Each structure stands twice: as structure tokens, then as C-alpha cells.
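Numbering (UniProt numbering), first residue to last: 1 to 367. Read through the structure below, which is laid out as C-alpha cells, and then see the notes.
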């Protein structure tokens, strides 16, 4: 067996099956320990904000334009799973005033230790064709599979973290983006905040004119008055509509992956046929909302599980009279503290959703 054939066989029969097992275990932990993991993250975020404000009060740091959570592949090989968390001015990497702390993500990356130890033993059966360097290369290639869990946890935790007094106190640039990714490489927005107020009519026009070629995504659309908005087949993934007035709006067959609607007024709105994977409706007013035929389909392909890890969040929302007829892939939906008087729900979700007795009694179960 030559080198390439050995590598292919090793990856197919040893590395990939072991990775899948560890990712399954990690996903179970992610859901089981989510509250504690979010709490730990928020504590570290609070410490970062205190550090930022301290530097600003001493004149050592300008208004913050970027906060970046970075993983470093080189440290992963050293089994160090600390994310570098850096705060920059609006100049981003041109800002040479260091403001950094770390975030311990060992909860997500610890399975890599198990994989590495196992592969180091299993490579020996290839009689020298597979080296430790080959194993290390495979481990580095797998880093994004573990990062996706950190990414999802930060998304869940930031919604409340940005309400902390410590965060509100720091001086911010006109636009602040909290991002995550590999150090000084590809990264993505987790949260965006604009200090300048948006004009509702302008936003409405931009939403209407968006297209498959020019989607309207990753924007901060909070605190806008946009009632009776009518959008069809738009890509609006990862937009933040929190605190906005969207009464009687229609989002027909739109892509709403990862969108945030916390404390929004969505009374009577329609989300029929929408892709709602990882949407966040916590504390929103969804009385009479229509979700019929919507999907929460998670992404699953070769270890990639994002979007889909955050689930659909309806905690503390008002879902009285809402319609979940014919929704599919809503198994990971969360309703703690939600009002569900007269909510139409397919009976198949009785066994999947964690509901209290009052919720179960107030729901209208459908076939």
C-alpha cells in the first residue's frame, strides 16, 4: 500500500468514524450542559468588557469597532484550547493598541485529545506509511468541526451578554461587530450593533430589493417600525430584528436561518414555508403567528452541523393562537416560559418538546 492509499484508508476507516463518534458525544454535551456553558461564556465576556472600559478610562483604547474570538491551529496542536479575544477600534487590525483576554473553549475541543491518542496507536498498523505529522494534519483539518460548537454557543450567549451593564458602558464606534473565526483569517459576524438609527423606509426598500444574487444578511435591524412588511422568497439569514415592530408582516418562503427576533412584536405575522433553522424568537409577541409548513431542518454533512446546533428558541414568547401546522424538523425547539394558549401543534412533537403541564393542557394538538 503506497502513501496515498494508506492515507485514504486510514482516514476512511479510522479517522472519520472516530471523529463522527466524538462529534455526536460533543453535540449531546452541548445540549445537556448548555445553560452552564452559556453562563461561563457570559462571565468571560463581562471580564472582557471590564478590561476594555478600564483601558478606555485610561485613554489607552478608542471606541470599539470589533471584538474578535479567534482560534489558533498552532495552539490546538499543543492541546491549548484558549480562544484569543481581542477588541479593536474601527481601524480593526490597524489598531495597534493591544486589548485582549482569552476564552477557554476546552469544553468543545477536549475530544480532540481522545482522537489524537487513539489515532497515534492505530497508525502503527500501517508500518510507517502513516506518520505523526499525518495525524497532526488530520487533526488541524478537523478544527472547524469543533469550532462550530463554540460559534453556536457564542450566538446563544451574546443575546443576553450585550444587555450587561459592563457591555453597555464601553465606548463603541458607529458600528460594532462581534466576530469569530480563525486568527486573522476567515471569520463571520455573531452580532452587529449600529449607533446611528436606521430609517425604516430605507430598510424596507433594501429588504424588498434584495435578491438571490444580493441577499440582505448579517444586518442589525433592531428597534425598527416595519408593520405589514410583505416579503417573498428573500434570503434574510442572520439578520437581527430584535425589538422591532413587525405586526401582521409576511415572510413567505424566506430563508431566515439564524435570524434573531428577540422581544419583537410579531403579532399576526406569517412565516409560512420559511427555513427557520436556529432562529431566535425569545421573549417575542407571536400571538396568532402562522408557521405552517415552516422548516427547522439542520445541516448535516461530513461533520458539519451548523446551522442546526442552536435549535429554534421560543422561550418566554407569547405563542397564544400561533399555528405550527405541518412544520417539520422542529424537534429541537425550546419553549420554557412560553405562553401557548390555543397554540396549534402537531401531535408528533409531544414526545420531543420539553413542555410543562400547563403548556400541554393549553395546546391544541393536531394530527
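Built from N, CA and C at the ideal position, the CB exists for glycine as well. Keep in mind that this is a model prediction, so the values were computed, not measured.
Where the beta strand (DSSP E) containing residue i begins and where it ends
i           : result
residue 232 : 230–232
residue 250 : 250–252
residue 236 : No beta strand (DSSP E) contains residue 236, which DSSP labels as neither H nor E.
residue 100 : 100–104
Which of helix, strand or coil DSSP assigns to residue i
i           : result
residue 64  : strand
residue 157 : helix
residue 203 : helix
residue 227 : coil
residue 174 : strand
residue 54  : helix
residue 222 : coil
residue 271 : coil
residue 354 : coil
residue 346 : strand
residue 217 : coil
residue 263 : coil
residue 366 : strand
residue 79  : coil
residue 187 : strand
residue 12  : helix
residue 300 : coil
residue 330 : coil
residue 38  : helix
residue 85  : strand
residue 280 : strand
residue 73  : helix
residue 287 : coil
residue 245 : strand
residue 211 : coil
residue 305 : coil
residue 292 : coil
Length of the line joining the Cα atoms of residue i and residue j
i           : j           : result
residue 261 : residue 358 : 25 Å
residue 132 : residue 20  : 21 Å
residue 232 : residue 299 : 23 Å
residue 277 : residue 256 : 7 Å
residue 369 : residue 330 : There is simply no residue 369 to check, as the chain begins at 1 and stops at 367 in what is shown.
residue 81  : residue 143 : 11 Å
residue 245 : residue 141 : 44 Å
residue 351 : residue 48  : 41 Å
residue 76  : residue 184 : 16 Å
residue 199 : residue 6   : 60 Å
residue 259 : residue 265 : 15 Å
residue 1   : residue 135 : 18 Å
residue 356 : residue 338 : 10 Å
residue 367 : residue 347 : 6 Å
residue 317 : residue 327 : 18 Å
residue 344 : residue 315 : 17 Å
residue 100 : residue 177 : 16 Å
residue 268 : residue 158 : 28 Å
residue 27  : residue 149 : 8 Å
N- and C-terminal bounds of the alpha helix (DSSP H) containing residue i
i           : result
residue 30  : 16–32
residue 92  : Where residue 92 is concerned, there is no enclosing alpha helix (DSSP H), given that its DSSP letter is neither H nor E.
residue 196 : Note, residue 196: premise wrong, no alpha helix (DSSP H); not H, not E.
residue 309 : From DSSP, residue 309 is part of no alpha helix (DSSP H); its letter is neither H nor E.
residue 166 : 165–169
Cβ separation of residue i and residue j, assumed to be a contact under 8 Å, to the nearest whole Å
i           : j           : result
residue 41  : residue 83  : Contact flag wrong, Cβ pair sits at about 10 Å.
residue 238 : residue 218 : 5 Å
residue 173 : residue 65  : 4 Å
residue 70  : residue 181 : 7 Å
residue 295 : residue 312 : Between residue 312 and residue 295 the Cβ distance is about 10 Å, and since that is not below 8 Å, they are no contact.
residue 310 : residue 175 : 24 Å between Cβ atoms; not a contact.
Check: Taking only runs of the alpha helix (DSSP H) that begin and end inside the region 111–141, which ones reach a length of at least 4 residues, in chain order?
Finding: 111–122 and 132–141
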